[in-house]
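Chains as they are written, first to last, in our numbering: chain U, 1 to 230; chain A, 231 to 460.
A virtual CB, placed ideally from N, CA and C, is assigned to each residue, including glycine.
All of these numbers come straight from a predicted model, not from anything done at the bench.
Here's the structure we're looking at; comments come further down.
2 protein chains.
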Amino acid sequence: MSVRSIGPRRATLAGEVRGELERMIVEGDLKAGEKMNELALSEIMGVSRGTVREAIRSLADSGLIDLIANRGAYVHETTFAEVRNLYDLRGAVFAMACSSAARRVAEGLARDVPKAIERNLDQMRKATAKEDTARYYKLNIEFHDLLLGAADNPKAKTIYDNLVKEMHLFRRRGLSVPTNMARSLAEHEAISAAVIAGDADSARAAAHLHITSGFARYMKMLEQDPDVAG
Amino acid sequence: MSVRSIGPRRATLAGEVRGELERMIVEGDLKAGEKMNELALSEIMGVSRGTVREAIRSLADSGLIDLIANRGAYVHETTFAEVRNLYDLRGAVFAMACSSAARRVAEGLARDVPKAIERNLDQMRKATAKEDTARYYKLNIEFHDLLLGAADNPKAKTIYDNLVKEMHLFRRRGLSVPTNMARSLAEHEAISAAVIAGDADSARAAAHLHITSGFARYMKMLEQDPDVAG
DNA sequence: AAAATGTTAAATGTTGACAAAATATGCCGT
DNA sequence: ACGGCATATTTTGTCAACATTTAACATTTT
Chain U
1 MSVRSIGPRR ATLAGEVRGE LERMIVEGDL KAGEKMNELA LSEIMGVSRG
51 TVREAIRSLA DSGLIDLIAN RGAYVHETTF AEVRNLYDLR GAVFAMACSS
101 AARRVAEGLA RDVPKAIERN LDQMRKATAK EDTARYYKLN IEFHDLLLGA
151 ADNPKAKTIY DNLVKEMHLF RRRGLSVPTN MARSLAEHEA ISAAVIAGDA
201 DSARAAAHLH ITSGFARYMK MLEQDPDVAG
Chain A
231 MSVRSIGPRR ATLAGEVRGE LERMIVEGDL KAGEKMNELA LSEIMGVSRG
281 TVREAIRSLA DSGLIDLIAN RGAYVHETTF AEVRNLYDLR GAVFAMACSS
331 AARRVAEGLA RDVPKAIERN LDQMRKATAK EDTARYYKLN IEFHDLLLGA
381 ADNPKAKTIY DNLVKEMHLF RRRGLSVPTN MARSLAEHEA ISAAVIAGDA
431 DSARAAAHLH ITSGFARYMK MLEQDPDVAG
């Protein structure tokens with residue numbers, strides 16, 4: 001067939017607005033704690049208030065916003081106490097996903113996963129050698145996406161993605177760039193080895209350790225630079 | 231304060247409708263796969279279509295319904311393949327929660343949790359002795375709620391509750407009543423012991439095993455009575 | 001008869017208007 | 001100035017009407 005559907009699958013207007021709001025929040029266009037005025041947003045985007053309202057409602061369960069009856073929506077302000085809970089949850093989901101990925105590799109499903117992981121690891125080693133943190137940051141996200149995908153559990157992936165987005169709302173620094181690439185890489189290698197070997201329990205343990213270590217590293221960074229935590 | 235709001239805090243009409251829809255789905259009033267007609271529902275409930283629409287949208291991320299652009303909302307039909315994914319996720323969240331609960335007990339927070347757990351276990355032992363499955367069912371839910379509460383991780387509790395609701399959508403039997411009370415009780419005792427002792431790692435392992443065993447038991451039941459699985 | 005096309009009915013998507021609640025404003029007294 | 005109260009404005013909640021898309025049906029064509 002030579003004819004292809006035109007444009008980026010624009011299903012509904014409200015869906016598009018939702019995406020735009022999400023972007024504005026994650027990129028800091030709308031700051032944490034800020035109120036989301038339905039009328040103002042609708043005028044900025046050139047759609048009706050009802051449409052903005054619907055988009056806001058659809059974001060309610062993502063953790064990015066807080067909804068208060070008769071008082072509107074506010075960009076969620078992630079507190080220090082919540083960060084630990086988010087790390088705990090993220091660790092649990094990620095560990096489960098790696099375990100599932102390993103199981104699926106062992107069962108012969110996900111045959112192309114090992115190669116994709118190896119490729120990612122290779123690039124990470126190079127980025128680490130060059131101390132290219134920006135590249136490492138991208139590859140790190142790709143690594144996690146790869147494993148979440150290999151687990152073949154769409155709901156887990158959705159939950160994980162929402163958790164990551166919500167963590168970005170805690171101040172603005174520190175959660176994005178790994179503080180210690182070499183350390184992080186070593187943990188990735190351990191996870192990868194277990195998954196490729198099809199060892200579900202080892203994969204779970206290694207993944208859990210990876211998130212736990214990430215939290216510990218982050219805490220240590222906060223001690224050195226308390227301003228970030230407020 | 232002498233006046234208390236009746237039932238779960240419901241400030242807005244759309245929120246009330248949402249609750250009613252949730253009830254209709256979980257109790258089977260709206261069957262899995264069934265289409266949710268906005269106009270029909272609005273007439274049944276005596277509210278405007280827009281309000282029903284908003285309620286439906288707010289349920290979108292709960293896993294209970296599927297939303298298709300320009301085609302409306304359908305009650306989610308949980309497939310057999312999804313059940314495993316749901317079990318995996320539930321196990322991960324529950325294990326994490328029990329681990330957190332144990333840590334909090336060890337840290338001296340959650341001082342009244344051990345007593346509450348003991349009380350629940352006592353009643354469970356009695357229900358098991360009397361083979362009172364209905365009572366055991368209630369206590370079982372209470373047990374899980376207790377630990378999710380002790381973890382002090384509201385988001386985890388929300389996710390867990392949604393997972394449980396979604397699992398109910400897989401046919402109608404088998405997921406509610408434990409197939410083997412004695413076995414289940416023994417696992418609860420193991421979890422409880424670890425939590426009360428403040429041993430986070432043991433609690434995590436015991437909780438994980440509990441969900442895994444539950445899945446295995448369920449699978450075995452399906453083998454004996456394949457009609458349930460379709 | 002089966003497939004493709006044209007037409008009609010029904011459902012969803014979007015908008016603007018009205019009602020109710022919350023916030024801001026201004027007045028008054030001390 | 002300050003705090004309390006009535007009032008005005010703003011904002012959210014709800015509803016009804018219009019536009020667009022989808023689904024169902026009848027008709028034509030092969």
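Item	Value
First and last residue of the uninterrupted alpha helix (DSSP H) at L109(U)	From DSSP, L109(U) is part of no alpha helix (DSSP H); its letter is neither H nor E.
Cβ-based contacts, 8 angstroms cut-off: residues of the segment 86-97 of chain U near chain A	L86, D88, L89, G91, A92, V93, A95 and M96
C-beta neighbour in chain U for E284(A), strict 8 angstroms	yes
Sequence ranges, alpha helix (DSSP H) only - wholly within the segment 265-297 of chain A, length at least 4	268-275 and 279-289
Backbone CA spacing between N370(A) and V425(A) [nearest angstrom]	17 angstroms
Buried versus exposed, by CB contacts within 10 Å (16 or more), G214(U)	buried
Cutoff 6 angstroms; reference A436(A); Cβ partners in own chain excluding five residues on either side	A420, I421 and A424
Any non-hydrogen atom of the ligand ATP closer than 7 angstroms to L41(U) Cβ	Absence of the ligand ATP from the depicted structure is noted, as is the absence of any ligand whatsoever, leaving it without description.
Any chain U beta carbon closer than 8 angstroms to D291(A)	yes
Nearest residue (CA-CA) to E187(U), options A116(U), Y136(U), D122(U) and I211(U)	I211(U)
C-beta contact flag for G33(U) and E77(U) at 8 angstroms	yes
Whole-Å CB distance - R447(A) paired with N410(A), under 8 angstroms assumed	6 angstroms
Proximity test, Cβ basis, 8 angstroms: K35(U) and chain A	no
Distance between G258(A) and A454(A) (C-alpha atoms, nearest Å)	Contrary to the premise, residue 454(A) reads as Gln rather than Ala in this sequence. So the alpha carbons of these two residues sit roughly 25 angstroms apart.
Nearest-angstrom Cα separation, counted from T309(A) out to G132(U)	Checking the displayed sequence, the identity of residue 132(U) turns out to be Asp instead of Gly. Each residue's alpha carbon lies about 44 angstroms from the other.
Among L415(A), G428(A) and V394(A), the one whose alpha carbon lies nearest that of R314(A)	V394(A)
Identity of the residue in R320(A), A364(A), A380(A) and D296(A) nearest E337(A) by Cα	A380(A)
Euclidean distance between Cα positions of Y87(U) and L269(A)	43 angstroms
Contact check, N383(A) vs S292(A), beta carbons under 8 angstroms	no
CB contact check: R223(A) to chain U, cutoff 8 angstroms	What the structure shows of chain A is the stretch from 231 to 460, and residue 223(A) is not part of that stretch, so it cannot be assessed.
Interface positions of the segment 240-274 of chain A facing chain U (Cβ-Cβ less than 9 angstroms), listed along the chain	R240, A241, T242, A244 and G245
Members of the segment 294-310 of chain A near chain U, C-beta cut-off 8 angstroms	A299 and N300
Rounded C-alpha distance that separates A322(A) from A97(U)	9 angstroms
Residue-chain proximity (I421(A), chain U), Cβ-Cβ < 8 angstroms	no
Within chain U, partners of A386(A) - CB distance below 9 angstroms	N85, D88, L89 and A92
Where I44(U) falls, given that 16 or more other Cβ within 10 Å makes a residue buried	exposed
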